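To keep things clear, I will list the structure first and then write my remarks on it.
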DNA sequence: GGTATGATTGACT
DNA sequence: GTCAATCATACCA
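Residue numbers (the numbering used here): 32 to 226.
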């Protein structure tokens with residue numbers, strides 16, 4: 032498992048540190064290859080305008096899940112960071128499928144393996160994440176998190192799909208991974224994001 | 001009460 | 001490249 036206070040630090044550092052960490056939900060998962068950081072002072076964040084019923088988990092203790100419905104269709108999975116009340120979380124955007132490949136295929140029979148967990152909505156569908164997991168602790172079932180197997184080159188760039196704070200380089204990915212939701216631009220390769 | 005807007009995806013021109 | 005699906009939230013009347 033990850034160390035207990037892994038999530039109790041600034042959300043951008045956690046987003047970067049999560050690249051390479053292995054995630055499983057009820058035994059189905061793989062290596063995290065793409066994340067984004069969202070902070071309560073960030074106009075693109077759900078927590079920017081304060082606590083609501085939907086984003087309540089973002090203001091809870093770190094190390095828990097925040098699951099919300101996107102565009103009325105998809106679920107998106109976040110990890111709450113920093114401290115209780117801070118309203119910060121890391122969005123999981125892509126993983127490299129490794130465990131439970133048969134279950135992923137059954138849940139997403141149309142997509143091939145490369146696209147199976149490439150994108151926040153696809154990832155939750157393949158792993159079986161739903162709104163019922165909103166607010167659950169990440170150090171207990173059905174979640175399992177294992178430290179990164181080894182160092183990897185990390186790239187940073189602007190976040191995807193937002194209309195405000197579009198210049199903040201708070202999207203992180205594993206360099207050269209085939210399982211990203213979208214490639215990182217050449218200009219961002221090797222760039223170090225601010226903590 | 002109404003209406004606009006998404007941390008998306010898949011189908012289609 | 002365009003566009004619809006589908007709904008919680010925010011904002012306005």
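Ideal placement from N, C-alpha and C gives every residue a C-beta, glycine not left out.
All figures in this text were calculated on a predicted structure; none of them were measured in a lab.
query                                                                                                    : result
Between the CA atoms of residue 110 and residue 84 - distance to the nearest angstrom                    : 17 Å
Collapsed DSSP secondary structure at residue 144 in the structure displayed                             : helix
Unbroken stretches of the beta strand (DSSP E), 3 residues or longer, contained in the region 75-137     : 96-101, 105-111 and 120-130
Neighbour-count burial assignment, residue 165, 16 or more Cβ in a 10 Å radius                           : buried
Same chain, Cβ closer than 6 Å to residue 139, five either side skipped, listed in chain order           : 147, 156 and 157
Buried or exposed (CB count within 10 angstroms, at least 16 for buried), residue 88                     : buried
Cβ contact (3+ pairs, closer than 8 Å) linking the region 100-107 and the region 127-138                 : no
Coarse secondary structure for residue 49, derived from DSSP in three states                             : coil
Residue span of the beta strand (DSSP E) that contains residue 216, given as start and end               : Where residue 216 is concerned, there is no enclosing beta strand (DSSP E), given that its DSSP letter is neither H nor E.
Buried versus exposed, by CB contacts within 10 Å (16 or more), residue 226                              : Reliability fails at residue 226, whose pLDDT of 37 lies under 50, so the model's placement of it is uncertain and the value that follows must be treated cautiously. Exposed, because fewer than 16 other Cβ atoms sit within 10 Å of the Cβ of residue 226.
Distance between residue 162 and residue 66 (C-alpha atoms, nearest Å)                                   : 19 Å
From 190, 185, 180 and 212, residue whose alpha carbon lies closest to that of residue 204               : 185
Close Cβ partners of residue 168 (< 6 Å) along its chain, the five nearest in sequence each way excluded : 95
First and last residue of the uninterrupted alpha helix (DSSP H) at residue 152                          : 151-158
Exposure label - residue 202; buried when at least 16 CB within 10 Å                                     : buried
When 216, 114, 200 and 199 are compared against residue 206, the one with the closest alpha-carbon       : 216
Same chain, Cβ closer than 7 Å to residue 175, neighbours up to 5 away in sequence not counted           : 55
Proximity below 7 Å, CB of residue 200 to CB of residue 180                                              : no
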